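If you're matching positions, the sequence shown starts at 38 in the working numbering and goes up one per residue.
All C-beta atoms in this analysis are idealised placements derived from N, C-alpha and C, irrespective of residue type, glycine included.
Note that the structure is predicted; figures quoted are calculated from it, not measured.
Structure record follows, encoded as structure tokens.
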Amino acid sequence: MAAALKQYAVVPTAAGTIWAYEVDGFGSQLLMDDTNVPSLLSLPYLEASPDAALYARTRAFVWSARNPWFFRGTAGEGVGGPHVGKDMVWPMSQMVFALTSTSDAEIRKMLGLLKASSAGTGFMHESYFKDDPKKFTRAWFAWANTLFGELVGRLAAAKPELVR
Numbered sequence: 038m039a040a041a042l043k044q045y046a047v048v049p050t051a052a053g054t055i056w057a058y059e060v061d062g063f064g065s066q067l068l069m070d071d072t073n074v075p076s077l078l079s080l081p082y083l084e085a086s087p088d089a090a091l092y093a094r095t096r097a098f099v100w101s102a103r104n105p106w107f108f109r110g111t112a113g114e115g116v117g118g119p120h121v122g123k124d125m126v127w128p129m130s131q132m133v134f135a136l137t138s139t140s141d142a143e144i145r146k147m148l149g150l151l152k153a154s155s156a157g158t159g160f161m162h163e164s165y166f167k168d169d170p171k172k173f174t175r176a177w178f179a180w181a182n183t184l185f186g187e188l189v190g191r192l193a194a195a196k197p198e199l200v201r
């Protein structure tokens, strides 16, 4: 399987090789990432990224306009996906970005975006419009709330200064 992944799933781009989101085994690749876990962004979270440099390039791709499902607006930025459509950021992508980050500045930024994305409800939503967190899907989304709890718990144990 490792040989097949290396042959078909590692693809060249102008910024260097990255992981493809999907491959068909016949030479076609889909370059994107979706917000769920598993995802390309979540590979270190899943302890499934054997090549740190390849992951770093893939991460940079995922968190950029080169990923067709990455959105940046006045209310936030992050990965969405085809499930809820264009311009809808999933807070789960911000959580995974923070969970896989080694940068305190990136983690702080994601915590701020996550707080704002709740739109004062006290809950994490499935997604929100990149320019207005009050336009959200699912008032209660257990998966996102659970992952947020995991993020806060991990940070409280490893870097408590970030959650104070």
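Exercise. Between the Cα of Q66 and the Cα atoms of T54, E114, T139, which residue gives the shortest distance?
Worked result: Looking from the CA of Q66, the closest CA among T54, E114, T139 belongs to T54.
Exercise. Considering only C-alpha positions, which residue in the set A51, G64, W106 is nearest to L77?
Worked result: W106
Exercise. Since V48 and A57 are thought to touch, with beta carbons under 8 Å apart, how far apart are those beta carbons, to the nearest angstrom?
Worked result: 5 Å
Exercise. For S164, which beta-bridge partners are listed by DSSP?
Worked result: T174
Exercise. Got a sec, what are the start and stop residues for the beta strand (DSSP E) V116 sits in?
Worked result: Its beta strand (DSSP E) spans residues 114-116.
For this session: Report yes if the CB atom of A135 is closer than 9 Å to the CB atom of L80, and no otherwise.
Result: no
For this session: Measuring alpha carbon to alpha carbon, tell me which of Y45, P75, W100, R201 ends up nearest S138.
Result: W100
Problem set entry | F108 - containing beta strand (DSSP E), residue span | 107-109
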